[in-house]
Structure formats: structure tokens, C-alpha cells
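Report on one structure; see the data block that follows.
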Ligand code: TRP
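Residue numbers (this note's numbering): 12 to 376.
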């Protein structure tokens with residue numbers, strides 16, 4: 012079976028370091044293994060509109076931001092198809108048929124939908140489009156016959172729902188769709204990178220993000236304002252790692268070679284952590300180290316982004332070509348889906364012939 016990766020993001024803002032360690036970095040690594048027959052990276056503008064219906068301008072303006080972040084991180088249009096969801100109308104058609112295979116109560120039980128409804132104060136009146144977006148996400152994934160979907164943990168319920176739709180479809184209409192596998196980040200810190208304030212989620216509205224395109228001075232300011240252990244007051248005090256954002260970020264970003272480069276008096280992160288817990292290691296020193304690490308990680312991304320920003324029409328052209336290719340692939344799947352559902356009347360010569368015979372026989376009687 013072919014190996015196909017598909018994933019994507021809603022274009023509601025620039026991408027931040029949480030996106031990077033949660034999924035982006037992995038996508039680029041996977042892309043560069045050359046193991047995949049096809050890779051599709053989607054800017055999910057239609058999905059973003061399900062909870063931003065009154066603000067299409069926000070979505071429109073952020074498509075380019077996400078595309079720039081993607082390419083700055085190393086997603087390469089020569090190896091991965093970058094496309095815009097709304098430009099592949101076949102996805103809507105697939106969603107429409109999948110809707111018949113999902114119940115309202117099943118959608119109501121989807122944990123991601125549940126928590127997002129709360130977050131957006133939709134309890135009293137949920138837009139139907141928003142309520143059904145897990146179904147459209149199943150269309151995104153199955154249209155490309157994706158086998159691997161690298162996403163954050165919050166997307167797990169979406170993948171579960173997709174698998175259910177695949178099983179239901181295949182059992183009702185015959186083997187047609189491919190079951191995807193979710194690929195989660197491999198460590199806890201990457202799975203759920205907190206904001207710089209230590210709050211569980213990094214989000215624009217909380218103002219606790221470090222963006223991929225952030226300038227060096229701002230990265231530094233943010234690192235030095237990070238939440239640590241509030242009881243670690245004097246350097247000699249023993250410190251706690253639990254909920255200590257600086258160490259969580261080190262877990263997510265630190266590579267062994269950074270010790271040699273920036274903090275040669277420690278062998279590795281375990282040694283640094285042990286010293287902090289024992290007492291005698293100040294927050295400032297750890298923050299200085301984290302700042303060096305983040306600067307080293309983000310500098311190449313920022314530089315590449317600035318280069319890409321010089322030719323915006325070229326980026327749109329990449330998205331246009333990618334969307335064209337994506338549409339061809341989705342159209343082929345849609346054709347197979349419609350054939351499986353027996354709604355391919357004009358292509359079904361057997362149907363036309365058999366009915367012609369039946370009516371002819373009726374007339375001869
Ligand atoms: N739900 C994803 C997000 O909020 C975006 C998305 C839409 C997606 N369709 C997808 C991710 C298909 C993976 C596969 O970021």
C-alpha cells in the first residue's frame with residue numbers, strides 16, 4: 012500500500028513554537044526521509060470559517076502567514092503538496108455523503124467539539140457547519156487516502172471519528188476508503204507545550220505565544236518573563252521541575268549539542284535538572300541557556316521566512332499549483348466513492364442497458 016501523509020492547520024494566525032514541536036518539525040523530518048509516495052499539507056481555510064464566519068478577512072489574511080511559516084520550517088513544495096482546502100470543492104461533496112454515516116449524538120460526544128463549543132460560548136447556538144467539522148475533516152483525510160496524519164493530541168478525537176466513518180463506509184458500500192494512522196509527538200513537552208505564562212495552552216488570545224517569526228529581542232524578552240517555580244526564590248533553594256515552563260521548553264527544544272555550545276559545564280539536560288532540584292542553580296542561568304537554544308532553533312526559520320516574503324506572488328503560485336494537484340487526487344477518490352455508492356448513473360452502462368431491457372420487455376407484454 013502507498014504511504015501518504017496528510018495534515019493541516021487552520022489559518023487564524025501566524026504559527027507558533029507549539030505548532031512547531033507539536034507537528035511541524037515532525038512533518039519536515041518525515042518529508043525528508045523520502046519514505047512517502049505523496050505528502051499533502053493543507054491550509055484549512057474552510058474549517059477556519061466554521062467558527063469565524065463573521066470574519067473571513069482574518070482567514071484570508073492568514074493563509075499567506077501559514078504558507079510562509081510552512082516553507083520557512085522546511086516544507087518543500089518540490090516534495091510536499093501545499094494547498095488551500097476551499098479550493099478543492101470535492102471535499103464538500105465527500106462531506107455531504109459522509110454526513111449520512113454519522114449521528115448527531117456521536118458528534119455531540121466528540122471531546123474536541125465539546126471543549127471547543129465551551130471555549131467559543133457556542134452552547135446556546137452551535138453553527139451547523141462548526142458542529143459537523145469532524146465530518147469535513149474525515150473528508151480531508153480520506154480524499155487523499157492518507158495513511159499517516161501527524162497532528163497534536165487535541166486532534167485524536169478527529170482521527171477516531173474519521174476511522175469510524177471509514178469503517179462504516181467500507182462496510183456499507185464496499186472497501187473504498189483507507190484507514191489513517193495518527194502520529195503524535197513523541198514526548199510530553201511537545202505534545203502539550205504550555206504558553207510562556209505556564210498556562211496549559213499556547214494561544215494568541217491569551218498572549219502567551221512565541222511565534223516562529225518572532226524577532227530575537229522579543230524571543231529573549233519572552234524567555235526571561237517565563238513562568239518557573241514560584242518557590243524557587245534564592246539560588247540555593249531546591250527547585251521543582253513540575254510545571255516549570257523553562258524546563259518544559261528545554262524538554263521540547265534542547266539537543267545534546269547545545270550543551271557543548273552554550274553550557275559546557277553540564278553534560279546533558281538530566282544533569283542540569285538534577286542540579287536545579289538539588290538547589291544552587293538560578294533561574295537566570297537556565298533562562299539564558301533556553302534563550303540561546305531558542306535563538307539557535309528559530310534563527311534559520313526567521314531568515315528563510317524573510318527571504319520568502321520577498322516574493323509573495325511566488326508563494327501564491329505554489330499554493331495554486333498545489334491546490335490544482337490536490338483537486339485531481341480528491342476528484343479521483345470522489346469518483347470511487349460515488350461508484351461505490353452507486354451514484355455514478357451515467358458511467359454505469361449496465362444500469363442503463365438493464366433498465367432499457369426491462370422497459371422493452373414491459374412494452375412487449
Ligand atoms: N483541525 C485541524 C486544526 O485545527 C486542521 C485540519 C483540518 C486538519 N483538516 C485536517 C488536520 C486534516 C489534519 C488532517 O489545526
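Each residue gets a CB set at the ideal place from its N, CA and C atoms; glycine is no exception.
Contact between residue 287 and residue 250 holds, since their C-beta atoms are separated by about 4 Å, short of 8 Å. Rounded to the nearest whole angstrom, the CA to CA distance from residue 101 to residue 348 is 11 Å. With a threshold of 7 Å, the Cβ atom of residue 162 counts as near the ligand TRP, since some heavy atom of the ligand is closer than that. For residue 153, the shortest C-beta to heavy atom distance toward the ligand TRP is 7 Å or greater. As for any alpha helix (DSSP H) of minimum length 4 sitting wholly inside the region 130-167, the runs are 139-142 and 144-154, ordered along the chain. Listed as beta-bridge partners of residue 192 by DSSP are 159.
Excluding sequence positions up to five before and after residue 330, its CB lies within less than 7 Å of the CB of 78, 93, 94 and 95, all in the same chain and listed in chain order. Ranked by Cα distance from residue 223, the first of 275, 118, 65 and 32 is 32. Listed in chain order, the beta strand (DSSP E) elements of length 3 or more contained wholly in the region 32-57 are 49-54. Counted as a single uninterrupted DSSP element, the beta strand (DSSP E) harbouring residue 94 occupies residues 92-95.
Contact between the region 141-157 and the region 185-198 is present: three or more C-beta pairs spanning the two stretches fall below 8 Å. Excluding five sequence positions before and after residue 81, the CB atoms of its chain that fall closer than 7 Å to its own CB belong to 52 and 93, given in chain order. Assignment of beta-bridge partners to residue 16 by DSSP yields 50 and 159. According to the DSSP assignment, residue 311 belongs to the alpha helix (DSSP H) that extends over 294-320. Within 7 Å of the C-beta of residue 17 there is at least one heavy atom belonging to the ligand TRP. The C-beta distance from residue 161 to residue 41 rounds to 7 Å, short enough to meet the 8 Å contact threshold. Assignment of residue 277 by DSSP, reduced to helix, strand and coil, places it in the coil class. The shortest CA-to-CA distance from residue 197 to any of 163, 158, 213 and 218 is the one to 163. Secondary structure at residue 27: strand, using DSSP grouped into helix, strand and coil.
At a threshold of 7 Å, residue 120 does not count as near the ligand TRP, since its beta carbon sits no closer than that to any of the ligand's heavy atoms.
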